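**Student:**
Numbering (our numbering), first residue to last: 211 to 388.
1. Just checking my contact of residue 231 with residue 215 at CB under 8 Å: how many whole Å lie between their CB atoms?
2. Terminal residues of the continuous alpha helix (DSSP H) containing residue 225?
3. Here's the rule I'm using: 16 or more other beta-carbon atoms within 10 Å means buried, otherwise exposed. How should residue 221 be labelled?
4. What three-state label does DSSP hand residue 237 in the structure shown?
5. Which residue's Cα is closest to the Cα of residue 223: 212, 236, 249?
6. I'd like the list of long-range same chain contacts for residue 335, defined as Cβ closer than 6 Å, with 5 residues on each side in sequence excluded.
This is the structure we're talking about:
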C-alpha cells in the first residue's frame, strides 16, 4: 500500500531525480536531489498553469471565433434586410410612378373628353346658329317644302307691355279736359 502511494506520487519524479544525481555526481547528492525535486515541483506547477492558460486561451479563441461567425451572420442578415428594404423602396417608387402615370393618363383623358365636349358644344352652337338662318325646306330636307325665312316671334310679355300704355293712353284721351 505504501509502495503504491510512493509510485503514484513520487515514482517518476524520484526516478528522474536519481538519474540526474547519477549523471552529474554532485558533492552533496542529498542536497542536489532536494533542490532538483523543488525545481521539478516548480516546473510541474508552471506546466500545469501553462496548460490551464492554454486551455483558457483556446476557449477564448473558440468564443472569439464564434463571435466572429455571429458578426458575419449578422452582417449577412443586415445586408439581406437592406436588400429587402431597397427592393421594397424600389417597388414603392415603382408603384408611385405607375400611380402618377395613371393619374396623368386619367387627366389627359379628362382633358380630351373636356375638349370633345367643348367641341361638341361649339358644333351644337354653330349648328343652332346655322339652323336659325335656315329655311323650313332646309331644316326638313323634304321635296316641295316652301323656302320661307324664319319669322321672329315677339314675346307675349313684351307685347303686353306695349299694349298697356296704349290702353292707359286711350283712357286719358277719353276723359274730358278740364
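Don't be surprised by glycine CBs; every beta carbon is placed ideally from N, CA and C.
In this text, all values refer to a predicted model and were calculated from it rather than measured experimentally.
**Tutor:** On the basis of the coordinates in this document:
1. That pair is no contact at about 22 Å.
2. 212-234
3. exposed
4. coil
5. 249
6. none
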